[in-house]
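Our numbering numbers the first residue of the sequence shown as 196 and each following residue consecutively.
Just so it is clear, CB atoms sit at the ideal spot from N, CA and C, and this is done for glycine as well.
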Amino acid sequence: MISINIYEILMQTLNFGLLLWLLNKFLIKPLQKYLDERSDSIKGNIDSAKSSNDEAAALVTQQKGLLKEARVEAKDIREKTEFAAKKEHEEMISKTKEESKRLIDQ
């Protein structure tokens with residue numbers, strides 16, 4: 196027949212409870228604390244990365260705008276220079292024609 200020893204059951208229950216308490220105090224709580232800190236650190240890094248990404252996107256947009264303005268300005272300068280060169284060329288041709296006409300008339 197099976198005999199039930201209450202003392203052994205009580206000691207086993209007490210030992211199991213003590214084991215659970217020790218595991219909780221020295222393993223589970225420190226591990227949970229470490230995991231929480233790590234999670235907070237990762238969230239902070241993600242937020243920082245998003246912020247940096249947003250700043251970089253804003254800078255890229257700003258640089259594209261500046262580049263567009265520079266291209267427009269360069270085009271204006273080129274057109275003005277071409278116009279001035281054509282005008283000077285026409286003036287030189289006109290002066291040369293006048294000079295050659297004057298020399299021929301002499």
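Between which two residues does the alpha helix (DSSP H) containing residue 206 stretch? Note, residue 206: alpha helix (DSSP H), 201 to 218.
Starting from residue 254, trace the alpha helix (DSSP H) both ways and give me its first and last residue. Run containing residue 254: 224 to 300, per the alpha helix (DSSP H) assignment.
Rounded separation between residue 232 and residue 267 - CA only: Going by the C-alpha atoms only, they are around 52 Å apart.
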